[in-house]
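**Student:**
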Amino acid sequence: MTSALRIEDLTIRTADRILVSGFSATVGRGEPLTLLGESGSGKSLVAQAIMGTLPPGLLASGRILFDGADLLCLDEVARRSLWGRRIGLLPQEPWTALDPTMRAGGQLAEVHRYVHGRHDADGLAAAGLGEVGLADAGGHYPFQMSGGMCQRLALAIAHAADTPLLLADEPSKGLDGVLRADVVARLQREIAAGRLLLTITHDVALARVLGGTACVMLDGQAVEAGPTVRLLNAPAHSYTRALIDADPSAWPPRTPREPGPSVIEAMGLAKAFGRRRLFTDLDVQVRAGEIVAVVGPSGSGKTTLGNILVGTERPDRGRVRRVPGAAPLGFQKLYQDPPAAFVPHQTMGRALDHLARRHGVDRERVEELLARLKLAPGLRKQRPGELSGGELQRFALARVLLLDPVFLFADEATSRLDPVNQMEVAGLLRESSEQDGLAILFVTHDTVMAERIADRSITLQQ
Amino acid sequence: MMLQMQDLAGTTPPRSDPWPISRRIGLGLLALLAAFALLGPVLVTADPARQDLSASLAPIGSDFLLGADHYGRSMLARLAYGARLSFGMALLTMLSAAAPGLLLGVLAAWRGGVTERALVALSDIVLALPGLLLVLLLLAFAPGHFLPLYLGLSLSLWVEFFRVARTTTARLLVEPRIEASRLLGFGTFYILRHQVLPEIAPLLLTLASFAMGTAILAISTLSAISVGLQPPTPELGSMIVELLPYYDEAPLTVLMPGILIFLLVLGLQLTARGGTVR
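Top line first, the protein sequences correspond to chains X and L. The first sequence maps to residues 1 to 462 in the UniProt record's numbering. The second sequence maps to residues 1 to 278 in the UniProt record's numbering.
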């Protein structure tokens, strides 16, 4: 009966700022809609307006037509009654959205039992788990499951809810190749079953395989919309082009070069957390000017390996040898979640001043470095919460480079950034390795990116 | 469980207001009471201990602005001195509980291991011992004196500060930004000064208000059961007990010290309410 979701002239504003303006789009059967854009472009707000979960203080105007009603006109009780029955959400980072006190089987069964009042909820749940390859994990709690398993459980729950409309928020974020393909296949199955699918992502490759219509958002406005294939093959807007070019598969490959002398060597490393063994007898060597990627599934010890090399964790066995004569502070790290690596109440300028004073670096050098990393002087007055992930990560790189490091451990340093910023930061890392001879250990779950950016890769197995 | 959406970049999340209306009212009330406690003894020339039996239980508004008690002592003077005593003692007790509490809390989280376990065990022992009992134990050595009362209260009140400082610091220490600071060559003192202290500071006002409220109530309770400060010291708790037999004749006079205690604690409780409202 429901044939479409129509969004007409949706505008979302705070008291003094327009966040999304005049957004219109349609999702039809077999015609999924994909919203592409960087974080802060307003694509998540559109989904929240559809769900009715806009944060307090935000006002939405326009029309969202679904099931013959305007969703924006419904009161909270009426909207809530749609959740799980007419509208379902596949949350971003499901491990934070799952109930940590409930076993996987129970979380799935309660959808059958309480939302739809189906008999034999447990039987249906067991079948649902089997379908996503979690047949043995029904008794596990979310914290006992890997990120990929949580994602599959969330998919099974979204499937069980069987809502005519499904919103998927960054379904491929943080997943490695195999898991990603799995998620894509499942989403395609939902489309084939006649459900309306609206996907929010900045993953161009995901949009391509989902097909349907795509809409590119920038600063709260749809800058370009149309059939996905045509839009991605012949982008008209410069931002769409930048977005496509920023996909790691489109990056130029690294030119082979002669690496310098070895900067850090580790021999016979072994590390275990409790009974879970991460790696044994692992040898790693990184040479000056070389980028070594570390790839592997989540939980395989990629970050731990990097931490051992920079010295913030100790191996159970084996040893790390740094190049003789290198300063102790020459071994640095870039963090996955940029805001977490900065003091929230300190302006960037203050943080840099403190660092410069601590190490006796003169102001000119700081300014020079900021200019090289394309950080405008005005940003010095900002606090970490007011900057984008890309700007913060460049500041993180700036403060690291001030210390003239010989080795840098980049821990998923680009994974939380949108594609354009990701490419920029990755480019800066590459530049540092080429110009300054910095040795970089680049940890990533993205094998395509590893191939493009690194001279060679180390693969860790589960 | 499927109703959360993150990634709200572009909008500022609703930030908690450190100065909600309740806190402003509380601080205003405290300012008035502090003015009364500080200026009262200076402006009111009457001696709180001078007896005038002919004016026994004089009503409000007669020769005495707030009347007189059964010995004919000025209630206004006694209340002002009582407020100063309660306020002053509570402030002193709170300060001497906060300083070691905070230092030990940060130290425990920072050092971990045996240091932390020993300090936590110590704080648990103090916590398991009812606060008043600890004060009574110390008071047994020197009944009616100020020092054991003050020591006993500080010894039971530092635990709150210790626990909050320790958990806040422990939560911070696992965050990447502390590790990042260390890797960038910053020392322990810098990290404490610029990263740990600013996180604990906002909680201090709440903790301090609670501690002072507890101290005021404990001092007046102990004086009321005649183990704290002894008459004729103008102490609010003992004033209530002294006046209680004359409740029939001068009910308002009996209530006055109670109302003053109530206002003091109310002001502190309102101040303690931080900006956790959404």
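Using N, Cα and C, we set each Cβ at its ideal position, and we do this for glycine too.
What is the residue span of the beta strand (DSSP E) that S44/X lies within?
**Tutor:** Per DSSP, S44/X belongs to no beta strand (DSSP E); it is in the alpha helix (DSSP H), K43 to M51.
**Student:** Cβ closer than 8 angstroms: which chain L residues qualify as neighbours of A341/X?
**Tutor:** Those within 8 angstroms of A341/X in chain L are P176, R177 and A180.
**Student:** May I ask you to list, following chain order, the residues of the segment 313 to 334 of chain X that have a beta carbon less than 7 angstroms from some beta carbon of chain L?
**Tutor:** Listed by position, the residues of the segment 313 to 334 of chain X near chain L (Cβ gap below 7 angstroms) are L329, Q332 and K333.
**Student:** Pull up the distance between the alpha-carbon of A150/L and that of P55/X, whole angstroms please.
**Tutor:** Sequence check: residue 150/L is Tyr here, not Ala. Cα to Cα, the separation comes out at about 49 angstroms.
**Student:** Could you pull the DSSP bridge partners for residue 487/X from this structure?
**Tutor:** Summary: the structure shown does not reach residue 487/X, with chain X confined to residues 1 through 462, and so no result is reported for it.
**Student:** Determine which residues share a DSSP beta bridge with T26/X and list them.
**Tutor:** Its beta-bridge partners are R6/X.
**Student:** So, at 7 angstroms on beta carbons, what are the nonlocal neighbours of I261/L in its own chain, with the 5 sequence-adjacent residues on each side left out?
**Tutor:** Excluding sequence neighbours, I261/L sits near I216, S220 and L236.
**Student:** Strictly below 7 angstroms CB to CB, what residues from chain L border V115/X?
**Tutor:** Correct list: empty, because the minimum Cβ distance to chain L is about 10 angstroms.
**Student:** Would you kindly work out how many angstroms separate the C-alpha atoms of I453/X and A293/X, rounded to a whole number?
**Tutor:** Between I453/X and A293/X, the C-alpha separation is close to 8 angstroms.
**Student:** Tell me whether the beta-carbon of L334/X lies closer than 8 angstroms to the beta-carbon of A266/X.
**Tutor:** Against a cut-off of 8 angstroms, the Cβ pair of A266/X and L334/X comes out as no contact.
**Student:** Please list, in chain order, the residues of the segment 186 to 205 of chain L that have any C-beta partner in chain X closer than 7 angstroms.
**Tutor:** Under the 7 angstroms Cβ criterion, the segment 186 to 205 of chain L contributes F186, H194, Q195 and P198.
**Student:** Apart from the five residues just before and just after L218/X, which ones in its own chain have a Cβ nearer than 7 angstroms to its Cβ?
**Tutor:** Closer than 7 angstroms at Cβ, skipping near neighbours: G37, S41 and Y239.
**Student:** Would you verify that the beta carbon of Q346/X is, or is not, closer than 8 angstroms to some beta carbon of chain L?
**Tutor:** Cβ-Cβ to chain L under 8 angstroms: yes for Q346/X.
**Student:** Given this structure, state the Cα-to-Cα distance separating S44/X from G22/X, to the nearest angstrom.
**Tutor:** Whole-angstrom Cα-Cα distance: 15 angstroms.
**Student:** Run through the DSSP bridge pairs and tell me what V292/X is partnered with.
**Tutor:** L441/X and R456/X.
**Student:** Can you tell me which of the three DSSP states I225/L falls into?
**Tutor:** Coil.
**Student:** Answer yes or no: does any C-beta atom of chain L fall closer than 8 angstroms to that of H202/X?
**Tutor:** No, H202/X lies away from the interface with chain L (no Cβ there is under 8 angstroms from its Cβ).
**Student:** Which same chain residues, not among the five before or five after G40/L, have their C-beta less than 6 angstroms away from its C-beta?
**Tutor:** Cβ within range, chain order: A80.
**Student:** Using only the alpha-carbon positions, how far apart do E451/X and E434/X sit?
**Tutor:** Roughly 17 angstroms between the two C-alpha positions.
**Student:** Candidates L255/L, V126/L and I191/L: which alpha carbon is nearest F162/L's?
**Tutor:** Of the candidates L255/L, V126/L and I191/L, the one whose C-alpha sits nearest the C-alpha of F162/L is V126/L.
**Student:** Taking V310/X as the query, report the chain L residues whose CB atoms sit under 8 angstroms from its CB, ordered along the chain.
**Tutor:** Result: L183.
**Student:** May I ask you to list, following chain order, the residues of the segment 347 to 370 of chain X that have a beta carbon less than 8 angstroms from some beta carbon of chain L?
**Tutor:** Within the segment 347 to 370 of chain X, the residues whose Cβ lies closer than 8 angstroms to some Cβ of chain L are H354, L355, R358 and H359, listed in chain order.
**Student:** When you compare only the Cα positions, how much space is there between V115/X and A158/X?
**Tutor:** If you take the alpha carbons of V115/X and A158/X, they lie about 12 angstroms apart.
**Student:** Would you please state the rounded distance, in angstroms, between the beta carbons of V132/X and R118/X? I believe it to be under 8 angstroms.
**Tutor:** V132/X to R118/X, Cβ: 18 angstroms. No contact.
**Student:** Reducing DSSP to helix, strand and coil, say where D283/X ends up.
**Tutor:** Three-state DSSP puts D283/X in a strand.
**Student:** Hey, would you say L243/L sits closer than 8 angstroms to T253/L, going by beta carbons?
**Tutor:** For L243/L and T253/L, yes; Cβs fall inside 8 angstroms.
**Student:** Three Cβ pairs or more, each shorter than 8 angstroms: is that satisfied between the segment 165 to 181 of chain L and the segment 101 to 113 of chain L?
**Tutor:** Yes: at least three Cβ pairs fall under 8 angstroms.
**Student:** Just to confirm, is the Cβ distance from L392/X to P384/X under 8 angstroms?
**Tutor:** Result yes, Cβ atoms of L392/X and P384/X sit closer than 8 angstroms.
**Student:** So, is the C-beta of L403/X closer than 8 angstroms to a C-beta in chain L?
**Tutor:** Yes, L403/X lies at the interface with chain L (some Cβ there is under 8 angstroms from its Cβ).
**Student:** Whole angstroms are fine: how far does the CA of L89/X sit from the CA of D99/X?
**Tutor:** Their backbone Cα atoms lie some 15 angstroms apart in a straight line.
**Student:** Does DSSP put W110/L in a helix, in a strand, or in coil?
**Tutor:** Helix at W110/L.
**Student:** Okay, do the segment 191 to 206 of chain L and the segment 128 to 136 of chain L touch, 3+ Cβ pairs below 8 angstroms being the bar?
**Tutor:** No, because fewer than three Cβ pairs between the segment 191 to 206 of chain L and the segment 128 to 136 of chain L fall closer than 8 angstroms, the two stretches do not touch.
**Student:** Leaving out five residues on either side along the sequence, give the residues of the same chain with a beta carbon under 7 angstroms from the beta carbon of R456/X.
**Tutor:** So the qualifying residues of the chain are V292.
**Student:** From T444/X to A426/X, what does the alpha carbon distance come to, in whole angstroms?
**Tutor:** The straight-line gap from Cα to Cα measures roughly 12 angstroms.
**Student:** Does the count of Cβ pairs from the segment 396 to 407 of chain X and the segment 351 to 366 of chain X closer than 8 angstroms reach three?
**Tutor:** With the cut-off at 8 angstroms, the segment 396 to 407 of chain X and the segment 351 to 366 of chain X touch.
**Student:** So which of D67/X, P32/X and W83/X has the shortest CA-CA distance to T53/X?
**Tutor:** Nearest C-alpha to T53/X: W83/X.
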